[in-house]
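Residue numbers for the sequence shown, in the numbering used here: 206 to 536.
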Amino acid sequence: MQLRALGRIALIGLATTLVITGCSNAGSSQKPGGSTNASGLEKTSLLIGQYPGADSAPLFIAMERGFFKEEGLDVKQEPIQAPQMVLPKLSNGQMDVVLGSYATILTIQEGGQEKFKYIADSYQGATGAFGVMVAKNSPVKKIIDLKGKKIGVNSLKGLGVLTMNPHLKINGVDPAKDVTYVEIPTTNWLSSLDKGDVDAVWMTDPYVSQAESELGATMLIDTMSGPTESLPITGWAATEKWIAANPKTLAAFQRAMAKAQNIAATDRDAVTKILPTFTKIPAETAATINLGNYPTTLNAQRIQRVADLMAEYGFLKAKMDVSSMIVNPQG
């Protein structure tokens, strides 16, 4: 979570191959891609693409607590690496909704591969959860010390680079000339830092916590502070075509997710309890990691920060107005 892949898959990043079934609901009649029922939903059976990380916790809370069932929905989920990899399934209706980093969806939107709208917020950056880590005895003590150094990132056009660049810039380091970004798979972050393959690595929790406890590493830059404080990370999206064809189903999905999002926003224990059920994060690690925040409203102005930052650093060719991409819940 590309920012969540364009960054965020990397952000906690260990995928499970299981498809977990949520709640079941019997429809009265069938139509291609789903069923209708007495509630008038256009579809009752949905497939949701999700990153197996903290971003997706509200989805699993909604499934576990029966919020989808209450809305007449039978929800199944599929772990994904990035929205780009499931674009055909989203375009042909095999997959209904996808979790994507805001930057990833904006990149797809600008490229014209598909037309998306955001239907619910998911995850937002918070202090301590995303940052540039340096080894225990590293000579890099200040941001200016990164001049001429190699920095490991999950993607060369991902969340790490996007959120690091402003911090480098305001500290006199030119991101385009003074540092070399090196793409490193999430699972190799700790070993690359420990072996000295790179001078620093941008990480997300639980890797931040592991690097601190296992390697004695320290955070040089908190990339969710200052100019990138509380940057939106991921949100739920659907294609314009799907939204137009399924307005009642969309509203039902949004209502169920709103309940779960409110729980995630106010009850950390609910999140840490659910994480080990769909990720490889052990329960003891889940209890101590630095989590991001779970916004309870879908706010265009907040998401516009991501688009503006992407345009400033060349991730997008031109500025984009995200307000037309927002579909807020209707009652």
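We treat Cβ as the ideally placed atom computed from N, Cα and C, and that holds for glycine.
Since this is a predicted model, take the numbers as computed values, not measurements.
Asked	Found
To which residues of the same chain is Ser397 closer than 7 Å at the C-beta, ignoring the five residues directly before and after it?	Gly357, Ile389, Val403, Val406
Looking at Pro452 and Pro500, is the spacing between their C-beta atoms short of 9 Å?	no
Should Asp326 be labelled buried (16 or more other beta-carbon atoms within 10 Å of its own) or exposed?	buried
Can you list, in chain order, the residues of its chain whose CB lies under 7 Å from that of Trp394, leaving out five sequence neighbours each side?	Gly357, Val406, Met408, Tyr412
Cα-Cα, which of Gly254, Ser250, Ile266, Gly258 is closest to Asp472?	Ile266
From this set, Thr444, Thr423, Ala381, which residue's C-alpha is nearest Lys354's C-alpha?	Ala381
Taking only the alpha-carbon atoms, compute the straight-line gap between Met429 and Leu311 and give it to the nearest angstrom.	20 Å
Would you tell me roughly how many angstroms separate the C-alpha atoms of Arg270 and Leu480, rounded to the nearest one?	15 Å
Would the region 419-429 and the region 331-347 be scored as touching if the rule is three or more Cβ pairs under 8 Å?	yes
Excluding the five sequence neighbours on either side, which residues of its own chain have a C-beta within less than 6 Å of the C-beta of Gly254, listed in chain order?	Glu283, Ile285, Val291, Met300, Val303
Where does the unbroken alpha helix (DSSP H) through Gly365 begin, and where does it stop?	364-375
Kindly indicate the opening and closing residues of the beta strand (DSSP E) around Gln329.	321-329
Can you look up Asp474 in the DSSP assignment and give me helix, strand or coil?	helix
If you run the structure through DSSP and keep just helix, strand and coil, what is Val511?	helix
Given a cut-off of 9 Å, decide if Leu367 and Ala442 are closer than it, judged by their beta-carbon atoms.	no
In the DSSP assignment, find the unbroken alpha helix (DSSP H) run with Ser360 in it and report its ends.	Run containing Ser360: none; DSSP gives neither H nor E here.
How would you label Ala523, buried or exposed, when you count the other beta carbons within 10 angstroms and need 16 or more for buried?	exposed
For my contact list, Glu315 and Ala457 are in at a C-beta cut-off of 8 Å; report their separation, rounded to the angstrom.	Going by Cβ atoms, the distance from Glu315 to Ala457 rounds to 30 Å, so no, they are not a contact pair.
Which residues mark the beginning and the end of the beta strand (DSSP E) in which Ala443 is found?	437-444
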